[in-house]
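Those sequence lines, one after another, are chains A and B. Take 1 as the starting number for the first sequence in this note's numbering and just add one per residue. Take 1001 as the starting number for the second sequence in this note's numbering and just add one per residue. In this text, a Cβ means the ideal position worked out from N, Cα and C, and glycines have one as well. These notes concern the structure reproduced below.
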Amino acid sequence: MAALEIEHVEKILRGGQAVLRDVSCSARDGELLVVVGPSGCGKSTLLRLVAGLESVTRGVIRIGERTVNELPPQQRDVAMVFQNHALYPHMTVYENLAFGLRVRGTPRARLDQRVRLVAAQLGIEAMLKRFPRELSGGQRQRTALGRAMLRNPSVFLLDEPLSSLDAPLRAELRRELAALHRSLGATMVYVTHDQSEALSLGQRMVVLAGGRVQQIDTPAHVFQRPANRFVAGFVGWPPMNFLTADSFDDVARVPAGQGALEYGVRPECFSARPGGGDDLQLTGRIERIESQGSEWDLELTHRLGRVLARLRPERTLEVGEQIRLWVARGHLHAFDLTSGARVELKP
Amino acid sequence: MSLRTRTLRAGTYLGLTGLAGVTLFPLLWVTSIALMRAPEAAAGTPPLWPHHPTLVNVINIISRQHLGRYFFNSIVVATATMALSVLVAGSAGYALARVEFRGRRVVSWLVMLGVLIPNQALVLPLFEMFRTVHLVNHYAALVLPAAANPVGIVLVQAYMRGIPVEILDAARIDGASEWRIYRSIVVPLMAPMLAAVGVLVFVVSWNDFMWPMIAMQQEGMQTLPVALAAIDREHYQDIGLMAAGATMTMLPMVVVFLASQRYYLRSVIAGSLTD
Ligand SMILES: Nc1ncnc2c1ncn2[C@@H]1O[C@H](COP(=O)(O)OP(=O)(O)OP(=O)(O)O)[C@@H](O)[C@H]1O
Ligand SMILES: [Mg+2]
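Right under this line is the structure:
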């Protein structure tokens, strides 16, 4: 096990396209670091750089005490689970798992023991003689994971390992993965484009967009204090509403800051009843009602646009009805209108 | 199955059976003529079936025309060509598809260009080359040019491009050296295509006529088709003998095809197997 440090890494493709720009982040020894961002933001590229499958244009990558920039993948002591599994199609599950140890000349008896142990841990003992094409998506996933585990590397790199699975299986494997991380005590970098996965899994998360780091913090902090408008809109579901001061009924009560601001309110932060005295009010007409089980998603049009509110109303609501909603000041996020950076409001 | 698909399927089978018949008929007829006695075979249109099957033509062509010798030459040349070109196509095709090196694009283009050049255009320069190095009338004269087979390289290159890079990357991360990756991952994955290239090269080499005729002028060094042409010129009235020669030339092809069809077919449908 070892810490991973990525410092000012830049990746510019031969065509001149910048895929990663000045990316710095680190995973502490034994930490599960989640990298999250929309499709095409450079997540896979970042992992490939760490693994040594591609070379950085600028910057430094360190694993433990070693600077690995110049080392080939064979010597970096990382394991990677690829977005598309990349199992060896002509080898059985057993051989897929064993390949890394075989290459390193592990004695046969020990190899066999390790392979069977990991297979048992992942619940694929019965699959050892099968070929990848004879496995279900979940079994392939486990095999890919097992291949990485067998190596017992300094750093695990997981590239959207669960993206090809259906929701229940994904949730199950996610829990198993978290448990696995605890039991191995391994340093892991987990890449996903699914913000809810990032929130539920990581000890810390890196939000990446357009090849730049937007924020690095614990899931709770990222959710509560998003560093900019992008993070605010990307993390959390349903996504945050963005409003101007004029959207509210009483503009004068909306806290102001320096320069023009944009305000963010999460759908679940609206309430159908006034709370404290300094709550902000917003009036709108119900356009659409959607049940989420115990809660209701309301789409409202207000003076300047639309908002989505998730409520637990006490009476039945009708489409077309005017409704008044309240937001506690503390639930208001503010962003600079031009730069998008977070602006702290005075309480 | 709906009536529509059933009719379609029946039509397909009918069409394919017809095609197979058209292809096989001359082959079977020649074989049948090879088993006929002289008067029967020499008829204006020989019958479809020998009335008194005999091996006399086969025995004659082997014993009197030294066909065994030419057969041996052809086998040696075709086998060596096949082995060498599978080796070359396998490594060059892989390198051009998946190994980064300077000038890769230029080399790729040159190989592509090689596919377009007709063999006939190469005969003269090749002959000059082999004469300067004193390899005319050696097996090498037939094997070496065919081994650098651009079609094989292009086929392997295209096939290799269809295999996800991540599989090779996974092996790198697993700690395998480039040679180990080539041996344990690349070659097994390419195997169906290598088999297809091998069969293709074997057949082309076996049937090749022009270059072997020019490069192998010494008596006893000719390959089967060249020797057969000489026999035909000499014994053009002996239809049975010629048919026996033709049958003997065909036979190994049939064996090669039947033996390799499993791999051959696999490479044709391989696109649907790699996901
Ligand atoms: N080999 C390449 N050639 C050209 N462009 C590339 C290459 N590899 C990556 N890119 C570009 O780099 C950017 C980042 O790609 P990357 O695969 O890292 O994204 P990602 O965040 O993993 O996306 P996804 O969530 O869809 O997997 C993309 O815009 C992509 O077009
Ligand atoms: Mg990706």
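DSSP three-state assignment for residue i, whether helix, strand or coil
{"i": "B:R1037", "result": "coil"}
{"i": "A:V155", "result": "strand"}
{"i": "B:T1274", "result": "Only weak support exists for where B:T1274 lies, its pLDDT of 38 falling under 50; the value from the coordinates is given anyway. Coil, per DSSP."}
{"i": "B:M1250", "result": "helix"}
{"i": "A:E7", "result": "strand"}
{"i": "B:R1069", "result": "helix"}
{"i": "A:A126", "result": "helix"}
{"i": "A:N96", "result": "helix"}
{"i": "B:Y1236", "result": "coil"}
{"i": "A:E176", "result": "helix"}
{"i": "A:C269", "result": "helix"}
{"i": "B:L1085", "result": "Looking at the sequence provided, one finds Ser at residue 1085 of chain B rather than Leu. In this structure, B:S1085 counts as helix in the three-state DSSP scheme."}
{"i": "B:H1138", "result": "coil"}
{"i": "B:Y1094", "result": "helix"}
{"i": "A:E360", "result": "Given a span of 1 to 347 for chain A in the structure shown, any question on residue 360 of chain A remains unanswerable."}
{"i": "A:F82", "result": "strand"}
Nearest candidate by alpha-carbon position, reference residue i, set the options
{"i": "A:L246", "options": "A:R303, A:R151, A:L298", "result": "Before going further, note that residue 246 of chain A is Asp rather than Leu in the sequence given. The residue with the shortest Cα to Cα distance from A:D246 is A:R303."}
{"i": "B:A1158", "options": "B:Q1218, B:S1108, B:A1243, B:S1177", "result": "B:S1108"}
{"i": "A:H85", "options": "A:L135, A:Q74, A:L128", "result": "A:L135"}
{"i": "B:V1204", "options": "B:A1147, B:I1173, B:A1041", "result": "B:A1147"}
{"i": "B:V1123", "options": "B:V1111, B:L1113, B:M1112, B:V1136", "result": "B:V1136"}
{"i": "B:V1187", "options": "A:E287, A:M91, A:E65", "result": "A:M91"}
{"i": "A:G64", "options": "A:G293, A:L157, A:A2", "result": "A:A2"}
{"i": "A:Q195", "options": "A:G16, A:Q75, A:A220, A:A186", "result": "A:A220"}
{"i": "A:L325", "options": "A:A272, A:S26, A:L150", "result": "A:A272"}
{"i": "A:A120", "options": "A:L300, A:Y94, A:S339, A:Y190", "result": "A:Y94"}
{"i": "A:G259", "options": "A:D336, A:R14, A:T45", "result": "A:D336"}
{"i": "A:Q281", "options": "A:I124, A:R142, A:I323", "result": "A:I323"}
{"i": "B:R1131", "options": "B:G1044, B:M1242, B:G1162, B:A1215", "result": "B:A1215"}
{"i": "B:H1052", "options": "B:P1046, B:M1036, B:I1059, B:A1195", "result": "B:M1036"}
{"i": "B:A1195", "options": "B:R1006, B:W1029, B:T1079", "result": "B:T1079"}
{"i": "A:D29", "options": "A:V222, A:A232, A:G100, A:M188", "result": "A:M188"}
{"i": "B:A1170", "options": "A:H181, A:T143, A:R174, A:P107", "result": "A:T143"}
Cβ-Cβ distance between residue i and residue j below 8 Å
{"i": "A:P38", "j": "A:F234", "result": "yes"}
{"i": "B:T948", "j": "B:V1022", "result": "In this structure chain B extends from 1001 to 1275, so residue 948 of chain B is not present and cannot be described."}
{"i": "A:P267", "j": "A:A309", "result": "yes"}
{"i": "A:L97", "j": "A:V115", "result": "yes"}
{"i": "B:S984", "j": "B:W1049", "result": "Outside the displayed range of chain B (1001 to 1275) lies residue 984 of chain B, so it cannot be described from this structure."}
{"i": "A:M315", "j": "A:E295", "result": "Checking the sequence, you will find Arg at residue 315 of chain A rather than Met. No, the pair does not count as a contact, with Cβ atoms beyond the cut-off."}
{"i": "B:G1286", "j": "A:R104", "result": "Residue 1286 of chain B is absent from the structure shown; chain B starts at 1001 and stops at 1275."}
{"i": "B:S1177", "j": "A:Q74", "result": "yes"}
{"i": "A:P132", "j": "A:A79", "result": "no"}
{"i": "B:Y1070", "j": "B:T1223", "result": "yes"}
{"i": "B:I1185", "j": "B:I1173", "result": "no"}
{"i": "A:L46", "j": "A:A27", "result": "no"}
{"i": "B:N1057", "j": "B:A1244", "result": "yes"}
{"i": "A:C41", "j": "A:G236", "result": "no"}
{"i": "A:V251", "j": "A:V36", "result": "no"}
{"i": "A:E287", "j": "A:D297", "result": "no"}
Neighbourhood of residue i by C-beta distance below 8 Å, restricted to the same chain and skipping five residues each side
{"i": "A:E10", "result": "A18, L20, R21, D22, V23, V56, T57, R58, G59"}
{"i": "A:V265", "result": "M240, N241, L243, V307, V327, H331, L332, H333"}
{"i": "B:I1075", "result": "P1252"}
{"i": "B:Q1217", "result": "V1136, N1137"}
{"i": "B:V1086", "result": "G1152, L1194, V1197, G1198, V1201"}
Close Cβ partners of residue i (< 7 Å) along its chain, the five nearest in sequence each way excluded
{"i": "A:L145", "result": "V81, L122, P161"}
{"i": "B:V1151", "result": "V1115"}
{"i": "A:A227", "result": "Q214, Q215, R342"}
{"i": "A:G257", "result": "A334, V343, L345"}
{"i": "A:A178", "result": "L201"}
Cβ neighbours of residue i in the same chain (closer than 6 Å, five flanking residues each side left out)
{"i": "A:I12", "result": "A18, T57"}
{"i": "B:L1096", "result": "S1108, Q1157"}
Residue i beta carbon near ligand 3 (any heavy atom closer than 7 Å)
{"i": "B:V1088", "result": "For the structure depicted, ligand 3 is absent and the ligand set comprises only ligand 1 and ligand 2."}
Report task. Could you run through the segment 1183-1202 of chain B and flag, in chain order, every residue whose CB is less than 7 Å away from some CB of chain A? Result -> I1185, P1188, L1189
TODO: Give the residues from the segment 66-88 of chain A that approach chain B closer than 7 Å (Cβ to any Cβ), ordered along the chain.
DONE: P73, Q74, V78, A79, M80, F82, N84, A86, Y88
Review point. What residues from the segment 93-120 of chain A come within 8 Å of chain B, judged by C-beta to C-beta, listed N to C?
Key: F99, G100, V103, R104
| If contact means a Cβ-Cβ distance below 8 Å, which residues of the segment 298-322 of chain A contact chain B? | none
Open item on the list: Beta carbons nearer than 7 Å to chain A: which residues of the segment 1156-1170 of chain B have them?
Closed with: P1164, E1166, I1167, D1169, A1170
Got a sec: which bits of the segment 230-241 of chain A sit with their beta carbon under 9 Å from any beta carbon on chain B, in order along the chain? none
Using a beta-carbon distance cut-off of less than 7 Å, what residues from the segment 28-52 of chain A approach chain B?
Among the residues of the segment 28-52 of chain A, those with a Cβ less than 7 Å away from any Cβ of chain B are A51, in the order of the chain.
**OP:** May I ask you to list, following chain order, the residues of the segment 173-193 of chain A that have a beta carbon less than 7 Å from some beta carbon of chain B?
**Re:** none
*asked:* Along the segment 1097-1121 of chain B, where does the CB come closer than 7 Å to a CB of chain A? Name the residues.
replied: none
Contact list for the segment 1075-1099 of chain B against chain A, Cβ threshold 7 Å: none
message: To be precise: take each residue of the segment 5-22 of chain A, compare its Cβ to all Cβ atoms of chain B, and keep it if any distance is under 8 Å. Which residues remain?
response: none
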